[in-house]
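**Student:** One structure is given below, represented as structure tokens, and several questions about it will come after.
Laid out in structure tokens, this is it:
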């Protein structure tokens, strides 16, 4: 999401103009912090990306574990009142992961943009007392990489410049499957 000459730019349009726009991220640590921008993102997703009329389709949406009640209620309000969806079901993303593998018992490690969760799934349900949450995610790794690059003489100040750091992270960083082998490279 970005603000510029037009009212707003979303998705690839915003990314293509990131050098001259100030980017906005309406979700922080799994919580929507800017509902106006979030609605614009949903509008873009429904009408321009998926090319569907949301009022004609039930909606299954993933949400983080331990999502605050106020956030859940606002999302429900937006979906029913703004987009007129006929049915709405929020599900914990880790639980959907279990379903996608056909598993009813498993441990899911969900690492997102701003949060990490370890989720225990038993008999197809998420045990709320067995959820571990950490306020760490991909955006923190991007910031760390930006500071590392800055210590070597490269400055990344604007949000658009941080997208370059994010691109470097996504292209070059990975979780090693064989640390000893990769350390020799």
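In full-length UniProt numbering, the protein residues as written are 1 to 185.
All C-beta atoms, glycine included, are put in the ideal place defined by N, C-alpha and C.
#1: So, is residue 124 buried or exposed, given that buried needs 16 or more other C-beta atoms within 10 angstroms?
#2: Grab me the residues of residue 194's own chain with a C-beta within less than 7 Å of its C-beta, minus the 5 sequence neighbours each way, in chain order.
#3: Taking 6 Å as the limit between beta carbons, can you name the residues of its chain near residue 4, skipping five residues before and five after?
#4: Helix, strand or coil for residue 154, going by three-state DSSP, please let me know.
#5: Can you look up residue 133 in the DSSP assignment and give me helix, strand or coil?
#6: Going by Cα to Cα distance, which pick from 99, 24, 26, 88 is closest to residue 60?
#7: What residues match up with residue 28 in a beta bridge as DSSP calls it?
**Tutor:** Well, looking at it:
#1: exposed
#2: Outside the shown range of the chain (1 to 185) lies residue 194, about which nothing can therefore be said.
#3: Note that residue 4 scores a pLDDT of 46, beneath 50, so its modelled location is shaky and nothing firm can be said.
#4: coil
#5: strand
#6: 88
#7: 31
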